[in-house]
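**Q** So the protein lines, in turn, are chains F and W.
Per our numbering, the first sequence starts with residue 38, numbered consecutively.
Per our numbering, the second sequence starts with residue 318, numbered consecutively.
C-beta atoms are modelled at their ideal positions from N, C-alpha and C, and glycine is treated no differently.
Since the model is a prediction, treat every value here as computed from it, not as a measurement.
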Amino acid sequence: MGPLKPAESHTDIESGFMATRVDELINWGRKNSLWPMPLGLSCCGIELMAMIGPKFDISRFGAEAARFSPRQCDLMIVAGTLVWKMAEACRTIYDQMPDPKWVIAMGVCSSSGGMYDSYAVVQGVDMILPVDIYVPGCPPRPDVVIDAIIKLQRKIERERPLKLLQSGPAIGEYDEGTKRFVRTPNQAVPTTRSGETLAPGVYEH
Amino acid sequence: MTTIERIQAALPSVALETKSAADGTPTISVALSDVRNVIVALRDRCGFESNTFVTAVDRWPHEPRFEMSWQFISFTHNERVRIHARVGGDNPSVPSIVDLFPGAGYSERECYDMFGIAFEGHTGLKRLLMPEDYDHFPLRKDFPHQGIEPDRLYREWDRRRRERSPISEESAS
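(1) Pick from W:448, W:334, W:349: whose alpha carbon is nearest that of residue 414 of chain W?
(2) Please state whether DSSP places residue 322 of chain W in a helix, a strand or coil.
(3) Would you list the residues sitting across from residue 77 of chain F in a DSSP beta bridge?
(4) Verify the CB distance criterion: does residue 121 of chain F have a CB-CB separation below 9 Å to chain W?
(5) Of the residues W:462, W:457, W:379, W:442, which one's Cα is nearest the Cα of residue 155 of chain F?
(6) Quick check: the stretch 391 to 403 of chain W against the stretch 438 to 455 of chain W, are at least 3 beta-carbon pairs closer than 8 Å?
(7) How far does the alpha helix (DSSP H) with residue 123 of chain F in it extend, from its first residue to its last?
(8) For residue 149 of chain F and chain W, any beta-carbon pair shorter than 9 Å?
(9) Considering only residues of the same chain and omitting the five flanking positions on each side of residue 346 of chain W, which have a CB-CB separation below 6 Å?
(10) For residue 196 of chain F, return the contacting residues in chain W, with the cut-off set at a CB-CB distance below 9 Å.
(11) How would you call residue 54 of chain F, buried or exposed, if buried means at least 16 neighbouring beta carbons within 10 angstroms?
(12) When you compare only the Cα positions, how much space is there between residue 388 of chain W and residue 366 of chain W?
(13) Going along the chain, which unbroken runs of the alpha helix (DSSP H) with 4 or more residues stay wholly within the stretch 333 to 366 of chain W?
(14) Report the CB separation of residue 67 of chain F from residue 137 of chain F in whole angstroms; it is logged as a contact under 8 Å.
(15) Looking at chain W, which residues of the stretch 125 to 149 of chain F have a Cβ within less than 8 Å of any of its Cβ atoms?
(16) To the nearest angstrom, report how far apart residue 421 of chain W and residue 321 of chain W are at their CA atoms.
(17) Below 8 Å, can you find three or more Cβ-Cβ pairs linking the stretch 185 to 193 of chain F to the stretch 155 to 166 of chain F?
(18) Span of the beta strand (DSSP E) holding residue 171 of chain F?
Take a look at the structure:
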């Protein structure tokens, strides 16, 4: 749970107080109530359903409230092969999600196009969206996606929501050279606990 | 009486050239101007009630470049027949059969999407599988094997994203 701990002394609890930073409190709330937008495009969607279902049960990590309206979501899981015909709809859904929002590219198709090296398939959803976590596998097992959600929670822990309020949302930048969206954290956000800034795309886990 | 003979009897005025097909389906080559007449006769006088597919083959670099192919099935006679016609590669255009076989609409849209062949008389001829503002026709032989990305699309999205505030009027509507 990070630094959000109950008060050390018994007397603080008696008096009803707990001391923490606002950033930590906001991040604690955000990371434990991720509401996924299940964009199940192909066979990865089946694994996604298994993940939400009782056997793997992502409600253990607070992410079981899958909503089918982008207005109510803050985590987009792109599960499956994204074709160019669907790409604009996918981008529109992403644009309609309120900030803060995160993206998991589930499976090789959405990470890199996978085996579909074709005119019809987007060669990685980072061509149209900034992606936080890439999950390998064809399709990945549900526990791997759960691992991705845990990694994303650790990433959210390190955000500084109050600084983002000052400087605007940290959404990805489009790189003309590689034709990819790079999920660069806002400059105000350190990528490690100690405050050290790592290269874009590298995160402490 | 074979299928071809039955069709020829219904169409005494049109010269039908038969071709051999690898799968044994009776195949007829006709000139593009005769295609409508032949298909109307197939439907109305020979009992071919259903259109199986409308597609094309790209014979590039040979001219005429495209070989159109229509296949029909007759449930009463348990027969199939295929019609071929060649179309030039310069602004290719063939008559639509949507008014005769409404189900051919999707086949013709796909054919337009993949080969860029216009179907005259089709009421809603737009791309079926590729994005609507894509500039290329993927199943043409001069289309690169690796494909061409619809570059313009994501540049356009990125420009719009940069221009607007996080919750814009466009996405709110």
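**A** Quick look at the numbers:
(1) Counting from one through the second sequence, the residue named residue 414 of chain W turns up at place 97. Ranking the options by Cα distance to residue 414 of chain W, first place goes to W:349.
(2) On the second sequence, residue 322 of chain W is found 5 positions in, with the first residue counted as 1. Helix, per DSSP.
(3) Position 40 of the first sequence, counted from the start, is the residue given in the question as residue 77 of chain F. For residue 77 of chain F, which the question treats as bridged, DSSP gives the partners F:116.
(4) As a position in the first sequence, residue 121 of chain F is number 84, starting the count at 1. At least one C-beta of chain W is nearer than 9 Å to the C-beta of residue 121 of chain F.
(5) On the first sequence, residue 155 of chain F is found 118 positions in, with the first residue counted as 1. Nearest to residue 155 of chain F by alpha-carbon distance, out of W:462, W:457, W:379, W:442, is W:462.
(6) Judged by Cβ distances under 8 Å, the stretch 438 to 455 of chain W makes no contact with the stretch 391 to 403 of chain W, as fewer than three pairs qualify.
(7) The residue you call residue 123 of chain F lines up with position 86 of the first sequence. Residues 121 to 133.
(8) Residue 149 of chain F sits at position 112 when you count from the first residue of the first sequence. Answer no: the Cβ-Cβ gap between residue 149 of chain F and chain W never drops below 9 Å.
(9) The residue given as residue 346 of chain W occupies position 29 in the second sequence. Cβ neighbours of residue 346 of chain W beyond the five flanking positions: 334, 336, 401.
(10) Position 159 of the first sequence, counted from the start, is the residue given in the question as residue 196 of chain F. At a beta-carbon threshold of 9 Å, none of the residues of chain W lie near residue 196 of chain F; the nearest stands roughly 16 Å away.
(11) Taking the first sequence and counting its residues from 1, the one referred to as residue 54 of chain F is at position 17. Its Cβ having fewer than 16 others within 10 Å, residue 54 of chain F is exposed.
(12) Indexing the second sequence from 1 puts residue 388 of chain W at position 71. Indexing the second sequence from 1 puts residue 366 of chain W at position 49. Distance from the CA of residue 388 of chain W to the CA of residue 366 of chain W, rounded to the nearest whole angstrom, comes to 11 Å.
(13) The stretch 333 to 366 of chain W contains these whole alpha helix (DSSP H) runs: 352 to 362.
(14) Numbered from its first residue, the first sequence carries residue 67 of chain F at position 30. Numbered from its first residue, the first sequence carries residue 137 of chain F at position 100. Right, their Cβ atoms sit about 7 Å apart.
(15) Identification of residues in the stretch 125 to 149 of chain F having a C-beta nearer than 8 Å to some C-beta of chain W yields 125, 128, 129, 132, 133, 135, 136, given in sequence order.
(16) Here the question's residue 421 of chain W lines up with position 104 in the second sequence. Here the question's residue 321 of chain W lines up with position 4 in the second sequence. When the Cα atoms are used, residue 421 of chain W and residue 321 of chain W turn out to be separated by approximately 23 Å.
(17) Between the stretch 185 to 193 of chain F and the stretch 155 to 166 of chain F, the count of Cβ pairs shorter than 8 Å is below three; the stretches do not touch.
(18) Locating residue 171 of chain F in the first sequence gives position 134, counting from the first residue. For residue 171 of chain F, the enclosing beta strand (DSSP E) covers residues 170 to 172.
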